[in-house]
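Q:
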Amino acid sequence: MDSSLAILMISAIVSIAGNLAIFRRASFLIAGVAHSALAGIALTIFLASLGIELDYFLIATIFAVLFALIATTFSKFSDIDTGIGVSFALAMAVAVILISLARGYTAKLWSFLFGELFLITEKDFLYLSVALIVTILVFGVLYDKVLFFLFDPEGAEASGINVKLIDATIVAIIAVSVVAVIRAVGAILAYSIFVAPCAVAKRVSKSIAQSLAYSFLITLICLILGLIVSLTFPISASAISAFFASLLYLLVAMKRG
761 MDSSLAILMI
771 SAIVSIAGNL
781 AIFRRASFLI
791 AGVAHSALAG
801 IALTIFLASL
811 GIELDYFLIA
821 TIFAVLFALI
831 ATTFSKFSDI
841 DTGIGVSFAL
851 AMAVAVILIS
861 LARGYTAKLW
871 SFLFGELFLI
881 TEKDFLYLSV
891 ALIVTILVFG
901 VLYDKVLFFL
911 FDPEGAEASG
921 INVKLIDATI
931 VAIIAVSVVA
941 VIRAVGAILA
951 YSIFVAPCAV
961 AKRVSKSIAQ
971 SLAYSFLITL
981 ICLILGLIVS
991 LTFPISASAI
1001 SAFFASLLYL
1011 LVAMKRG
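Quick note: the sequence shown uses this note's numbering, first residue 761, plus one each step.
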């Protein structure tokens, strides 16, 4: 599929999901979700070695959503980072076990580990489209309630908003978004692609709308730069994109203290 259209869709998905994670103060959730999705993908590879073919997106989404919900549930009994960290370790352990059991079928996993914008298939493009449409619709419908919850969860609950449902919806949006772009950016680099542009946007924005717009533009520029560099040098486009995004964040953070 056309890489230029794919990066437009990825940028839009990242701008919403990344900002949700940043403003919920759970940016590490991105990394955890990405690696839990990897566990789901490892399961599909293992089952494929047994002759059972399942759709990686469906299984990875189930794993990612379950991980995210478990992590946020754990965070109620401890801090959010501990909850995510423990769940992250569990997901990675499952992934390694399944990969070990599927010896000889692990080459496919590398494309999900590091990602490659040029290897997006028509099916991956379909997943991106579905994720983008669902994310925009859900976020648009619940926009006011989501913002109320993110900035004043106690006030939102007192006003009658079902904060548990809103929180679960936010987590689900993040999980589905990460799974949708994992083939393009990779599980290892997903954190940089999702978090760095949104973190930069948050620092320079005066409103949520500005943060969403800036996140989209920063992600888009970084992905375009990644494509350009990868066409010139034998370097992964997603790796270069993550490098530029992370470097930009460091520069902005140092300048603004």
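We put the beta carbon where it would ideally sit given N, CA and C, even for glycine.
These figures come from a predicted structure and were not determined experimentally.
Would you identify the three-state DSSP class for P994, choosing helix, strand or coil?
A: coil
Q: Pair every Cβ in the region 938-956 with every Cβ in the region 883-903, then say whether three or more of these pairs are closer than 8 Å.
A: For the pair of segments examined, the region 938-956 was found to touch the region 883-903: the number of CB pairs separated by less than 8 Å reaches three.
Q: What residue ranges within the region 857-896 form continuous alpha helix (DSSP H) runs of no fewer than 4 residues, ordered along the chain?
A: 867-874
Q: Compute the Euclidean distance between the alpha carbons of L977 and I782, then round it to the nearest angstrom.
A: 17 Å
Q: Rounded C-beta distance between L780 and I934? I'm assuming under 8 Å.
A: 6 Å
Q: Return the first residue and the last residue of the alpha helix (DSSP H) that R943 is part of.
A: V923 to V945
Q: Would the beta-carbon of A799 fall within 7 Å of that of V846?
A: No, Cβ-Cβ distance for A799 and V846 is not below 7 Å.
Q: Buried or exposed: where does I880 fall if 16 or more other Cβ atoms within 10 Å of its Cβ makes it buried?
A: Buried: at least 16 other Cβ atoms inside 10 Å.
Q: Under DSSP, the alpha helix (DSSP H) around L780 begins and ends at which residues?
A: S763 to F783
Q: If you draw a straight line from the C-alpha of C958 to the C-alpha of V890, how long is it?
A: 22 Å
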